[in-house]
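Numbered according to the numbering used here, the sequence shown spans residues 350 to 716.
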Amino acid sequence: MSETTADTTAATPDGRTTPARRGAAHDSAFLRACRHEPVPHTPVWFMRQAGRSLPEYLKVREGIPMLESCMRPELVKEITLQPVRRHKVDAAIFFSDIVVPLKAVGIDVEIKPNVGPVIADPIRTFEDLQRLRPLEPDDVPYITEAVGLLVDELGGTPLIGFAGAPYTLASYLVEGGPSKNHENTKAMMYGQPELWAALVDRLADITSAFLKVQIEAGASAIQLFDSWVGSLAPDDYRRSVMPASTKVFDAVAHYGVPRIHFGVGTGELLGLMGQAGADIVGVDWRVPLNVAADRVGPGKGLQGNLDPAVLFAPTKVVETKAREVLHAAQALGDSGHIFNLGHGVLPSMDPDALSRLVAFVHEASAR
Ligand code: CP3
Numbered sequence: 350m351s352e353t354t355a356d357t358t359a360a361t362p363d364g365r366t367t368p369a370r371r372g373a374a375h376d377s378a379f380l381r382a383c384r385h386e387p388v389p390h391t392p393v394w395f396m397r398q399a400g401r402s403l404p405e406y407l408k409v410r411e412g413i414p415m416l417e418s419c420m421r422p423e424l425v426k427e428i429t430l431q432p433v434r435r436h437k438v439d440a441a442i443f444f445s446d447i448v449v450p451l452k453a454v455g456i457d458v459e460i461k462p463n464v465g466p467v468i469a470d471p472i473r474t475f476e477d478l479q480r481l482r483p484l485e486p487d488d489v490p491y492i493t494e495a496v497g498l499l500v501d502e503l504g505g506t507p508l509i510g511f512a513g514a515p516y517t518l519a520s521y522l523v524e525g526g527p528s529k530n531h532e533n534t535k536a537m538m539y540g541q542p543e544l545w546a547a548l549v550d551r552l553a554d555i556t557s558a559f560l561k562v563q564i565e566a567g568a569s570a571i572q573l574f575d576s577w578v579g580s581l582a583p584d585d586y587r588r589s590v591m592p593a594s595t596k597v598f599d600a601v602a603h604y605g606v607p608r609i610h611f612g613v614g615t616g617e618l619l620g621l622m623g624q625a626g627a628d629i630v631g632v633d634w635r636v637p638l639n640v641a642a643d644r645v646g647p648g649k650g651l652q653g654n655l656d657p658a659v660l661f662a663p664t665k666v667v668e669t670k671a672r673e674v675l676h677a678a679q680a681l682g683d684s685g686h687i688f689n690l691g692h693g694v695l696p697s698m699d700p701d702a703l704s705r706l707v708a709f710v711h712e713a714s715a716r
């Protein structure tokens, strides 16, 4: 990746200002690892670190619907900071959801507890597609405000912004909700390739705009979540999905902030995901990191990849398995590894087990 000179530059090509305060996190272990520079220890954060595993989260969210909570900057700030305070992780992930930009452009979407995003009118035709208009920064003033509050408060701890990747967002929009087999989504992809291409292209633009808002407000890195992309065969990914994901990575490349690309069940896709344009590829627990390093190819960082379920085993076992992850990551050399779980924190996880894991990774990887 190129030098993160964007940290201190005043203006981006479209004339907006980029806060210099992002620079406070420049020398953090997380950003150093993203740039393959020497690190004092392997940085660690957890996908879904903010959320239902924390009693303090349940308390502040009481009575507030999920998507509404994402539009309250002070609440977003508090929830984002909770796991940083508690676990001493090396990065904060912005509290929001992948469907927030869809809601912001007028899609009728709700997050149902213990179900996930539910879309009132799924998108299945060219006519439906007209409802998916471009996202403007003015559609999400609460995102700009919340990121700004957080960057001021976080100081040297980097803030990771994020968005859903076109395929995963398309799956929710076409199915109308969470899906095991993605059958309607794939039927469109295989049977109506022009409609599909138009859909993922529009989603790429919405996702790019959502990431730009977060970066311009001060996020230090971004992660593109393509959680369900592992349901695709490599040729279909290459033909029907990769161009849209690449469009997103290209759209934010000029900011110079590290770009992470994550999906689940992506063992057969890791090489293509490496080519899609990210600087760092997230790996689930099914592929050891030394094998992933070969598949992703040289010059890329890796993020992962402890099986989240390991956290339910005794501490000694967690430590043995975490050490195995650190050992496998040595294939990357001295830097370029960001420790994470292979997928998100589960609501039933013991928060203390997560805090112990952070301390263990720091200690076991100290250089
Ligand atoms: O801590 C963090 O990682 C930041 C916040 C975050 C949330 N969602 C908050 C959230 C992030 C990064 C996401 C991303 C997201 N949202 C993904 C990609 C990551 C992944 O897990 O694969 C996906 C697929 C979604 C869609 C979504 N939103 C699902 C499947 C769910 C869970 C539904 C349930 O109740 O089990 C949500 C809701 C959601 N997003 C919650 C949180 C904390 C739980 C809702 C609540 O607390 O009421």
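Quick reminder that beta carbons are idealized off the backbone N, C-alpha and C, glycines included.
Per DSSP, residue i forms a beta bridge with which residues?
{"i": "residue 461", "result": "465"}
{"i": "residue 512", "result": "573"}
{"i": "residue 442", "result": "509"}
{"i": "residue 610", "result": "573, 630"}
{"i": "residue 689", "result": "654"}
{"i": "residue 393", "result": "688"}
Please classify residue i as buried or exposed, where buried requires at least 16 neighbouring CB atoms within 10 angstroms.
{"i": "residue 688", "result": "buried"}
{"i": "residue 434", "result": "exposed"}
{"i": "residue 429", "result": "buried"}
{"i": "residue 529", "result": "exposed"}
{"i": "residue 647", "result": "exposed"}
{"i": "residue 476", "result": "exposed"}
{"i": "residue 359", "result": "In this predicted model, residue 359 has a pLDDT of only 40, less than 50, meaning its place in the structure is not dependable; the value taken from the coordinates is given anyway. Its Cβ having fewer than 16 others within 10 Å, residue 359 is exposed."}
{"i": "residue 565", "result": "buried"}
{"i": "residue 464", "result": "exposed"}
{"i": "residue 569", "result": "buried"}
{"i": "residue 613", "result": "buried"}
{"i": "residue 427", "result": "buried"}
{"i": "residue 354", "result": "Since pLDDT at residue 354 reaches only 40, below the 50 mark, its modelled position is unreliable, and no value is offered."}
{"i": "residue 699", "result": "exposed"}
{"i": "residue 716", "result": "exposed"}
{"i": "residue 407", "result": "exposed"}
{"i": "residue 485", "result": "exposed"}
{"i": "residue 457", "result": "exposed"}
{"i": "residue 376", "result": "exposed"}
{"i": "residue 425", "result": "buried"}
Within 7 angstroms: the Cβ of residue i and any heavy atom of the ligand CP3?
{"i": "residue 387", "result": "no"}
{"i": "residue 464", "result": "yes"}
{"i": "residue 445", "result": "yes"}
{"i": "residue 525", "result": "no"}
{"i": "residue 399", "result": "yes"}
{"i": "residue 629", "result": "no"}
{"i": "residue 456", "result": "no"}
{"i": "residue 493", "result": "no"}
{"i": "residue 511", "result": "yes"}
{"i": "residue 622", "result": "no"}
{"i": "residue 410", "result": "yes"}
{"i": "residue 576", "result": "yes"}
{"i": "residue 571", "result": "no"}
{"i": "residue 396", "result": "yes"}
{"i": "residue 564", "result": "no"}
{"i": "residue 436", "result": "no"}
{"i": "residue 693", "result": "yes"}
{"i": "residue 555", "result": "no"}
{"i": "residue 472", "result": "no"}
{"i": "residue 609", "result": "no"}
{"i": "residue 415", "result": "yes"}
Closest by CA to residue i, which one among the options?
{"i": "residue 622", "options": "592, 639, 607", "result": "592"}
{"i": "residue 347", "options": "590, 403, 504, 572", "result": "Residue 347 is absent from the model: the chain starts at 350 and stops at 716."}
{"i": "residue 535", "options": "581, 388, 559", "result": "581"}
{"i": "residue 588", "options": "626, 531, 545, 415", "result": "545"}
{"i": "residue 462", "options": "594, 577, 524, 411", "result": "411"}
{"i": "residue 431", "options": "585, 645, 401", "result": "401"}
{"i": "residue 572", "options": "703, 472, 629, 665", "result": "629"}
{"i": "residue 381", "options": "680, 397, 439, 531", "result": "439"}
{"i": "residue 554", "options": "627, 576, 595, 574", "result": "595"}
{"i": "residue 479", "options": "385, 601, 547", "result": "547"}
{"i": "residue 637", "options": "626, 655, 625", "result": "655"}
{"i": "residue 631", "options": "658, 686, 379, 651", "result": "651"}
{"i": "residue 449", "options": "416, 498, 425", "result": "416"}
{"i": "residue 653", "options": "674, 488, 556", "result": "674"}
{"i": "residue 625", "options": "617, 606, 599", "result": "599"}
{"i": "residue 641", "options": "451, 611, 603", "result": "611"}
{"i": "residue 459", "options": "521, 443, 602", "result": "521"}
{"i": "residue 615", "options": "388, 635, 604, 608", "result": "635"}
Examine the ligand HEM and report whether any of its heavy atoms sits within less than 7 angstroms of the Cβ of residue i.
{"i": "residue 689", "result": "By its list of ligands, the structure shown excludes the ligand HEM, since it contains just the ligand CP3."}
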